[in-house]
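Take a look at the structure set out below.
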Amino acid sequence: MNIDSIQNGVVLDHIQAGKSMEIYQYLHLDQLDCSVAIIKNARSGHMERKDIIKIDSPVDLDLDVLGYIDANITVNIIRDGKLVEKKHLALPEKLVNVIRCKNPRCITVSESQLDAIFKLSNRAKHTYRCAYCDTEYRQK
Amino acid sequence: MRNLIDITDLSVEEIDALIATAEDIIANPARYSQACAGKQLATLFFEPSTRTRLSFESAMLSLGGSVLGFSEAASSSSAKGETVGDTIHAVSCYADIIAMRHPKEGAPYAAAQVAEVPIINAGDGGHNHPTQTLTDLLTIHREKGRLDNFTVGFCGDLKFGRTVHSLVNALSRYENIRFVLISPLELKLPRYVKEEALKSKGIPYTQTTDLESVLPQLDILYMTRVQRERFFNEEEYLRLKDSYVLTPEKLEKAKADLSILHPLPRVNEIDVAVDKDPRAAYWRQVKNGKMIRMALIMKLLGVEV
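Protein chains in written order, with the working numbering: chain A, 3 to 142; chain B, 2 to 306.
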């Protein structure tokens, strides 16, 4: 894989430096058969340093998860070597099975088969609350 | 289909309508005696309770309906490891409406995801207890004739006191209410309740550890018990359980038209001598609990008289 350009795939750009491995794991990119390149600490005009992930296949990514991890990421869709779409992300209103509640009294802790549902409670502070027990979860 | 999981599931208009129905039930009980004939209420109490369960059952019986259920987890399939969802799925096949209490927070929300009949949260751990809130609102309405323009003090365990969380949320939607939060430092109202119910709406509140200093300014005093079952640490419970004890002597400084509410059961936070004081509204509150539950059951079953 040539990491400078891909023909058909997705480029995740403007990732906060150091967060690319976290995204790799959240999106389960290890399960892909195609080439995946992680570029760490690339120089950036806006950010000084950034990470980039290039996926050499037109995969369908969970943009809610991406938006939750880092809403400043840009998702570039590449077709035939050209940029055909640039998606900007936002914090999702609802997260399902992305994070788990840590309140030991919450039903989702004792019944782990339940979907872990969180709802955005404060966009400015990046806080979510468990839909079951209201326990607050603040993004690190 | 509607559920009542959190008091905010109901709009202010719906709460006002429930209160109006409850007032009519109190005035004309015979008119409602067969309102739910042929309907069945399941009371699923995975955690023991006397008052709330009997209140629900009495409410349904007074509407001409019937009741089934269990009063502790040990006598249900949850003792065999069954999930809440499976229990609810099964009971949905028998009953027309379910009132459930569970020690785990959010269990009624989980139940509502799979239920085919309306679910009423009758208390989930230290989280919410919306029918107690409806009871409290009906009581304030009957005692004061209104649900706005007063100063309300919440005293005791404001951290784990689910009735407090729900009532603060509910009252924050009415006009010109001042909140006074009285608790030990360890049992303060959770930050998320303050932020979302009060701060975000610009509603004034004060926090104190001293009941006597704020008692004279209160129109309503909502006492709560420090609940042993919410503590992981017995020593901490013993240290905090006697933080506040309301006595006739302390009440000498209170307003003549103060209304004292308590979700009950009490331990020793209200001296029994206070029961004779006409300002003690907590036994009237118990009766109101049945009436508002009758109104709620009718609403969720879509029954009109």
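Built from N, CA and C at the ideal position, the CB exists for glycine as well.
- A straight-line Cα-Cα distance of about 27 Å links Ile109/A and His30/A.
- Within the same chain, Pro185, Glu187, Leu188 and Val227 come within 7 Å of Leu241/B by CB-CB distance, once the 5 residues on both sides are set aside.
- Taking 9 Å as the Cβ-Cβ cut-off, the segment 102-135 of chain A approaches chain B at Cys103, Asn105, Pro106, Arg107, Cys108, Ile109, Thr110, Val111, Ser112, Glu113, Gln115, Leu116, Asp117, Ile119, Ser123, Asn124, Thr129, Arg131, Cys132, Ala133, Tyr134 and Cys135, given in chain order.
- At a cut-off of 8 Å between beta carbons, Glu106/B contacts chain A.
- Here DSSP, grouped into helix, strand and coil, assigns Arg147/B to coil.
- Note that the C-beta distance between Leu65/A and Leu85/A is not below 8 Å.
- For the segment 205-228 of chain B, the set of residues with a beta-carbon nearer than 7 Å to any beta-carbon of chain A is empty.
- For the pair Met101/B and Leu45/B, the CB atoms are nearer than the 8 Å cut-off.
- With respect to the 8 Å criterion, Gln286/B and Thr136/B are classified as neighbours on the basis of their beta carbons.
- Pairing Asp35/A with Ile8/A, the inter-Cα distance amounts to about 15 Å.
- Spanning the alpha carbons of Val169/B and Asp15/A requires a straight line of approximately 45 Å.
- Using a Cβ-Cβ distance cut-off of 8 Å, the segment 104-123 of chain A and the segment 49-61 of chain A are not in contact, since fewer than three pairs of beta carbons, one from each stretch, lie closer than that value.
- Taking the C-beta atoms as reference points, Ile298/B is found nearer than 8 Å to Leu64/B.
- With fewer than 16 other Cβ atoms inside 10 Å of its own Cβ, Gly39/B counts as exposed.
- Here Met224/B is buried, its C-beta having at least 16 other C-beta atoms within 10 Å.
- Put simply, the CB of Val85/B is near chain A, with a gap under 8 Å to one of its CB atoms.
- Taking all protein chains shown into account, Ala21/B has fewer than 16 neighbouring C-beta atoms within 10 Å of its C-beta and is therefore exposed.
- Taking the CA atoms as reference points, Gly11/A sits about 6 Å from Ile57/A.
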